[in-house]
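Peer 1:
Protein chains in written order, with the numbering used here: chain A, 43 to 225; chain B, 5 to 191.
(1) Quick one: what's got a C-beta closer than 6 Å to residue 122 (chain B)'s C-beta in the same chain, skipping five residues either side?
(2) So is residue 23 (chain B) buried or exposed if we call it buried at 16+ other beta carbons inside 10 Å?
(3) Using DSSP bridges, identify the partner residues of residue 129 (chain A).
(4) Please tell me whether residue 100 (chain A) has its Cβ less than 7 Å away from any Cβ of chain B.
(5) Taking 7 Å as the CB-CB limit, is residue 95 (chain A) close to chain B?
(6) Between which two residues does the beta strand (DSSP E) harbouring residue 132 (chain B) extend?
(7) Quick check on this structure: which residue in B:166, B:143 and B:108 has the alpha carbon closest to the alpha carbon of residue 33 (chain B)?
(8) Do residue 49 (chain B) and residue 133 (chain A) have their C-beta atoms closer together than 7 Å?
(9) Going by the beta-carbon positions, is the gap between residue 221 (chain A) and residue 207 (chain A) smaller than 7 Å?
(10) Distance, Cα to Cα, residue 132 (chain B) vs residue 35 (chain B)?
(11) When the Cβ atoms of the stretch 118–134 of chain A are set against those of the stretch 103–121 of chain B, are three or more pairs found closer than 8 Å?
(12) Find the residues of chain B that neighbour residue 126 (chain A), judging by a C-beta separation of less than 7 Å, and give them in chain order.
(13) Starting from residue 89 (chain B) and walking both ways along the beta strand (DSSP E), at which residues does that stretch end?
(14) Using the Cβ count rule (16 or more neighbours within 10 Å means buried), how would you classify residue 66 (chain B)?
(15) Against chain A, which members of the stretch 126–159 of chain B pass a CB distance test of less than 9 Å?
(16) Counting only Cβ pairs nearer than 9 Å, list the residues of chain B close to residue 166 (chain A).
(17) Return the CA-CA distance between residue 59 (chain B) and residue 94 (chain A), expressed in angstroms with no decimal places.
(18) For residue 116 (chain A) versus residue 217 (chain A), is the C-beta spacing smaller than 7 Å?
(19) Round the Cβ separation of residue 78 (chain B) and residue 45 (chain B) to the nearest angstrom and send it over; I've been treating them as touching at under 8 Å.
(20) Going by Cα to Cα distance, which pick from A:89, A:101, A:96 and A:109 is closest to residue 213 (chain A)?
(21) Does the Cβ of residue 228 (chain A) have 16 or more other Cβ atoms within 10 Å, making it buried, or fewer, making it exposed?
(22) Which whole-angstrom value describes the C-beta separation of residue 105 (chain A) and residue 90 (chain A), a residue pair presumed to lie in contact below a C-beta threshold of 8 Å?
(23) Distance cutoff 7 Å, beta carbons only. Does residue 162 (chain A) sit that close to anything in chain B?
In structure tokens:
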């Protein structure tokens with residue numbers, strides 16, 4: 043049930059080499075400064091929540107600030123010592139998910155669903171990419187986009203860190219360090 | 005969000021996996037409050053966010069107040085959430101939390117329905133199990149009445165203030181007025 047690896051990966055790897063300056067802008071940065079003045083992408087505040095014994099899923103969050111050009115996060119990969127699979131997900135109200143409910147034939151007029159029945163029902167869906175606007179930021183945060191860690195190899199404990207490799211359409215692979223927090 | 009009139013939700017107990025499956029009524033102890041959440045442990049985002057914020061909110065209460073509040077998580081995915089897993093999960097956030105689990109799907113649905121909670125657990129086209137669930141955190145009083153519900157995204161501060169206000173209401177004698185509803189915008 044593995045997701046097939048994108049053949050694009052090799053190409054992107056090459057792209058990444060061409061974008062060393064971008065890597066320099068992110069790698070090793072311990073500040074959460076915003077968009078790089080040199081046109082680079084910046085990824086800040088990368089964290090994952092602790093998980094309980096026996097909990098199979100985890101989530102990682104961060105803020106991504108675009109550089110000079112719009113970009114897209116298209117893949118994320120955590121080491122297998124952390125999770126069997128890594129996916130990009132979004133939490134959404136069920137009312138926004140097409141066809142999720144038998145009665146939900148008509149999309150678009152369902153916003154009145156934010157009352158106490160139905161509208162508060164939440165679900166998750168995988169997303170193929172997350173847009174990162176040029177010079178703007180996108181937050182991966184609780185209740186929205188997140189990197190889902192599927193089949194955790196072991197519980198995530200406060201203070202643990204692990205590498206997460208993010209693949210961007212333009213900026214290529216960026217490896218960031220995820221810190222596990224109890225938030 | 006205040007439900008008026010407050011629905012009665014304690015008609016049927018659920019087995020508490022954290023207490024050797026003892027039947028737990030969905031009603032607070034005398035002068036207390038019971039917080040009820042319908043979720044599942046392989047929920048990576050909404051459930052742990054809610055429970056983590058709740059942990060912060062409970063930490064803001066005085067010790068005396070804290071002792072009057074119980075927390076129960078009801079699994080809507082009992083096939084995957086075995087008792088031990090569910091107990092570990094809820095008690096990671098709330099050490100004395102209750103892990104309610106029944107394999108009686110009809111009972112679970114009836115109980116959830118009294119709260120106005122809904123859920124679905126289905127195998128999607130890709131083979132992955134897709135789950136949706138009402139993300140409210142519910143407050144039940146010692147008469148088994150549903151007094152308040154917080155939508156997903158309610159801040160820990162707001163939860164703590166509401167709990168404080170509800171507990172003080174109980175102090176003033178029984179069926180206190182509901183607190184001012186906290187502003188329910190998702191932050």
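For glycine and all other residues, C-beta sits at the position ideal for the given N, C-alpha and C.
Peer 2: Checking against the coordinates, here is how it stands:
(1) Short of 6 Å from the beta carbon of residue 122 (chain B), and not among the five residues preceding or following it, lie these beta carbons of its own chain, in chain order: 138.
(2) So residue 23 (chain B) counts as exposed.
(3) A:190
(4) yes
(5) yes
(6) Segment: none, residue 132 (chain B) is in no beta strand (DSSP E) and carries neither H nor E.
(7) B:143
(8) yes
(9) no
(10) If I take the Cα positions, the gap works out to 43 Å.
(11) no
(12) Neighbours of residue 126 (chain A) on chain B: none; closest Cβ ~13 Å, over 7 Å.
(13) Taken as a continuous stretch (DSSP letters only), residue 89 (chain B) belongs to no beta strand (DSSP E), being part of the alpha helix (DSSP H) at 87–97.
(14) Classification for residue 66 (chain B): exposed.
(15) Residues passing the 9 Å Cβ filter: 130, 131, 132, 134, 135, 136, 137, 138, 139, 140, 153, 155, 156 and 157.
(16) 47, 48, 49, 50, 134, 135 and 136
(17) 14 Å
(18) Inclusion of residue 116 (chain A) and residue 217 (chain A) in the CB contact set at 7 Å is not warranted, their separation being larger than that value.
(19) Incorrect: roughly 12 Å between the Cβ atoms, too far for contact.
(20) A:109
(21) No information on residue 228 (chain A) is available, as it lies outside the stretch 43 to 225 that chain A covers here.
(22) Actually they are not in contact, since the Cβ atoms of residue 105 (chain A) and residue 90 (chain A) sit about 14 Å apart, beyond 8 Å.
(23) Yes, because at least one Cβ of chain B sits closer than 7 Å to the Cβ of residue 162 (chain A).
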